[in-house]
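Participant:
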Amino acid sequence: MRTEAAQLGADAVPASAWRKFHKATPLSDLGAFWVWLAGVPIYVFFDALESGMAEFYGEVVQLLTAKNIAIGFLVLLGISLLILGSAALSWKFKSFAVIDSGVHFRAGIIFKRYDHVRWDRIQSVEVQQKLLGRIFGFGSVKVDAAGYGEKPVNLGLLTMEDCGLLRKEILRSLDNVRRGLPPTIELSPAPGVVNIPVFDPDDMENDHLIYSLSTKRLVVSTLLTGPVIGSALFSAILVILALVGDYFLDGVQRGGLFFSAGIVSLPAIVSAIKMFAPGYGSTVYLSENGLRTRAGLVKLTTRSLPPTRIHAVQLYQPLLWRFKDWWRVDLTVAGMSLEEIQEAAYAPIPCATRAEIYRILPTIFPRLGTDDDAAFLHELLKGRGESQRVSIPVKQGRVLDPIGWTSRGVHANMHVLAIRKGRFWRSVEIIFQDHTQSAGMYQGPVQRRLKLATLNVALVAGKVRGQVKNFGIDQVSELLATQNELTKQARAVGVSESLEDWKTRVFRG
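The sequence shown begins at 2 in my numbering and counts up by one.
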C-alpha cells in the first residue's frame with residue numbers, strides 16, 4: 002500500500018514540473034569518497050603516535066612495494082568506478098519540484114525517498130558550498146522545515162547561478178504565500194544576458210552590506226580565546242623545560258617533553274580551526290527577506306533570517322577581548338536544526354566592535370523599550386552594579402557568586418527582557434518579550450537558606466538560556482509577576498515586526 006507522501010509525489014506533482022540536478026552530481030559523490038580517503042592517512046598517523054613511530058615506519062616500508070602499490074591503485078580505481086556508476090544511476094532517479102503545494106524532492110532506486118515541505122513549514126533557505134564546490138562553482142540549496150529535529154531538504158548539486166535563482170524563487174514564493182498570494186513562477190536569467198559562470202552567491206545579489214569580518218581580526222580573536230591561550234602557555238612551559246633541562250634531563254626525557262608539547266598543542270589547534278573555519282569571511286547583509294548572512298572556509302553557507310524567526314540575541318565577550326572591546330553575537334532562531342544547536346547555536350557575527358553592534362542591533366530590535374536605548378545598551382555592555390535601568394541581586398548573592406554578583410543584572414519592559422552576567426567573561430542576553438514561552442521560579446536548598454531564587458524563562462532551543470540567577474526571593478517573585486504581565490502585553494501589541502514592517506523601517510525609515 003502506498004503512503005500518503007508517495008501518493009502526493011506520484012499524483013500531485015505534474016511530470017513536467019520535476020527538475021533534474023546537474024550532471025556533475027555523480028562526480029561530486031566520487032569527490033566526497035576521495036576526501037574521506039585522504040583523511041585515512043591522518044588517522045593512521047595519530048594511531049602510530051600511540052603505538053610507536055619506529056614500528057609504524059618499518060611496517061610502511063615493508064608494504065610499499067611495487068606490487069602492493071599496483072594492487073592498491075587497481076583496487077581504488079575499481080572502487081571509484083563502482084561509486085561513480087552507482088552515483089550516476091542514483092542521479093537519474095533524483096529530482097525536485099517547486100509548485101503551488103511547496104518544495105518536493107524524490108530519490109532512490111530500490112528504497113524510495115520522498116520529501117515534501119509545504120510553504121507554511123519552510124523556516125529558512127540556505128545556499129551551501131563545500132570546498133570542491135567553491136573551486137568549480139557548484140553548490141546546493143538547503144530548505145529547513147519547521148519543527149525541532151526535522152531534517153532539512155538538500156537540493157543539489159546545482160551551479161551557483163541555479164542555486165541563486167532557486168533560492169530567490171523559493172523565497173519570493175514563500176513571501177507571496179504568507180501574504181495570501183499565489184507562488185511566483187520559476188525565475189530565469191534575463192534574455193540577452195551573457196551566460197557568465199557564477200562562483201560567488203553574492204554575485205547575484207544587490208543587498209546592503211552592514212557587517213564584514215576581516216581575516217586579521219578573526220585570526221587575532223581566535224588566538225585570544227581561553228583554550229588556545231591555555232594550551233599555548235602549557236606547551237611553552239614544556240618546551241622551556243626541555244631547552245633548559247640539559248643539567249637534569251637526558252636526551253630521551255627532553256625528547257619526551259618536546260613530544261608532549263606537541264600533543265598538548267593539538268587540542269588548541271583543533272579548537273582554533275573549529276572557530277576559524279565557520280567564521281571565515283563572515284558578512285551580514287540587509288535583504289528583502291531579512292538579514293542575509295554568509296560565512297565559511299571549508300563550507301560556504303548563505304542564509305536568510307526573516308526578522309520573525311529571531312527570538313533572542315546573546316552578546317558574549319571573553320576576557321582577552323576586552324582590550325579590543327570585541328563581542329560575539331549569537332542568535333537564537335526558531336526552527337534551528339539539531340546540528341546547528343549541537344554546534345553551540347548560530348553565531349552570524351563571530352567578532353564585532355561595539356560600534357558595529359550599535360549598528361546591527363537596530364536591524365533586529367525595533368526598539369529596546371527604554372527612554373534612551375543607547376545608554377541602556379551601554380549599561381548592559383560596560384556597566385557594573387545598580388544603575389538607572391538595570392537591577393542587581395541583593396547582597397546575599399555574594400555568598401554564591403562572590404566575584405560576579407555585581408555584574409549580574411536584569412531589566413524587563415514590554416519590548417525586551419535583558420539579562421547581564423559575568424565579571425570576566427561578560428554575557429548579555431536580549432530576548433523579545435512576545436517570543437518567551439513561559440517563566441518559572443527555581444530555588445535550591447542553599448538558595449532557600451539565603452533567601453535567594455532563580456528565574457528561568459523558556460525559549461526555543463538555542464544559545465540563550467534566559468536565566469536570572471541568585472537574586473533575592475522577593476526580587477524574583479516580583480520579576481515573575483511582572484514578566485507574565487509584560488509578556489501578555491507584548492503579545493497583545495505585537496512587539497516583533499512582520500517582514501513588511503521590518504522592510505519599511507529598515508529601508509525607508
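Heads up, the beta-carbon is just placed ideally off N, CA and C, and yes, glycines get one too.
In this text the structure is predicted, and so the values were computed from the model without any measurement.
1. So Q484 packs on L418, CB below 8 Å; how close in whole Å?
2. For the alpha helix (DSSP H) containing Q434, name the first residue and the last one.
3. So, is W37 buried or exposed, given that buried needs 16 or more other C-beta atoms within 10 angstroms?
4. For G336 versus A454, is the C-beta distance shorter than 8 Å?
5. If you reduce the DSSP assignment to three classes, tell me which class A345 lands in.
6. Please return the same chain residues whose Cβ sits closer than 8 Å to the Cβ of R122, not counting the five positions on each side in sequence.
7. Within 10 Å of its beta-carbon, does I358 have 16 or more other beta-carbons around it, so buried, or fewer, so exposed?
8. For the beta strand (DSSP E) containing L306, name the first residue and the last one.
9. Over the uninterrupted alpha helix (DSSP H) stretch that includes Y359, give me the two end residues.
10. Look at the alpha carbon of G467 and the alpha carbon of E430, and state the distance between them as a whole number of angstroms.
11. Do D326 and R355 have their C-beta atoms within less than 8 Å of each other?
12. Tell me the rounded alpha-carbon separation between E387 and V285.
13. Could you tell me the alpha carbon to alpha carbon distance between Q444 and V469, rounded to whole angstroms?
14. Here's the rule I'm using: 16 or more other beta-carbon atoms within 10 Å means buried, otherwise exposed. How should W35 be labelled?
15. If you run the structure through DSSP and keep just helix, strand and coil, what is R3?
16. Please report how far the alpha carbon of S87 lies from the alpha carbon of V76, in whole angstroms.
17. Using CA atoms only, rank isn't needed, just tell me which of G473, V334, D402 and L298 is closest to G134.
18. Among the residues of its own chain, which have a CB less than 8 Å from the CB of L320, if the five just before and after it don't count?
19. Spatial neighbours of E498 within its chain, please: C-beta separation below 8 Å, excluding the five flanking residues on both sides.
20. Measuring alpha carbon to alpha carbon, tell me which residue in S392, P153, V494 and L481 is nearest H416.
21. Between the Cα of L500 and those of L306, D372 and H436, spot the shortest distance and give me the residue it belongs to.
22. Do you know how far the Cα of C352 is from the Cα of R218?
23. In whole angstroms, what separates the C-alpha of K383 from that of R329?
24. Based on Cα-Cα distance, which residue from L64, G73 and I230 lies nearest to W322?
25. Would you call the CB atoms of L401 and V391 closer than 8 Å?
26. Return the residue from the list T333, P446 and A71 that minimises the CA-CA distance to A459.
27. Excluding sequence positions up to five away, which residues of its chain have a Cβ less than 8 Å from the Cβ of L85?
28. Using only alpha-carbon positions, find the residue among T223, L287 and A348 that is nearest to A273.
29. For T333, report the span of its beta strand (DSSP E) as first-last.
30. Using DSSP with H/G/I as helix, E/B as strand and the rest coil, what is W136?
31. So the beta strand (DSSP E) G473 belongs to, where does it begin and stop?
32. Alpha carbon to alpha carbon, what distance is there between Q130 and A375?
33. DSSP beta-bridge partners for A98?
34. Are the CB atoms of G140 and V128 within a distance shorter than 8 Å?
Facilitator: Inspection of the coordinates gives the following:
1. 7 Å
2. Unbroken run through Q434: none, as it is neither H nor E.
3. exposed
4. no
5. With a pLDDT of only 48 at A345, under the threshold of 50, the placement of this residue in the model should not be trusted; the figure read from the coordinates follows. Reduced to three states, the DSSP call for A345 is coil.
6. G103, A146, A147 and G148
7. buried
8. L301 to L306
9. R355 to I361
10. 7 Å
11. yes
12. 34 Å
13. 12 Å
14. exposed
15. No answer about R3 holds up, because its pLDDT of 39 lies below 50 and its placement is not dependable.
16. 17 Å
17. L298
18. G227, F425 and W426
19. P308, T309, P367 and R506
20. V494
21. L306
22. 8 Å
23. 15 Å
24. I230
25. no
26. T333
27. P27, L28, D30 and L31
28. T223
29. W327 to V334
30. Sequence inspection shows Ile at residue 136; the Trp mentioned does not correspond to that position. It is helical.
31. Q468 to G473
32. 38 Å
33. H105
34. yes
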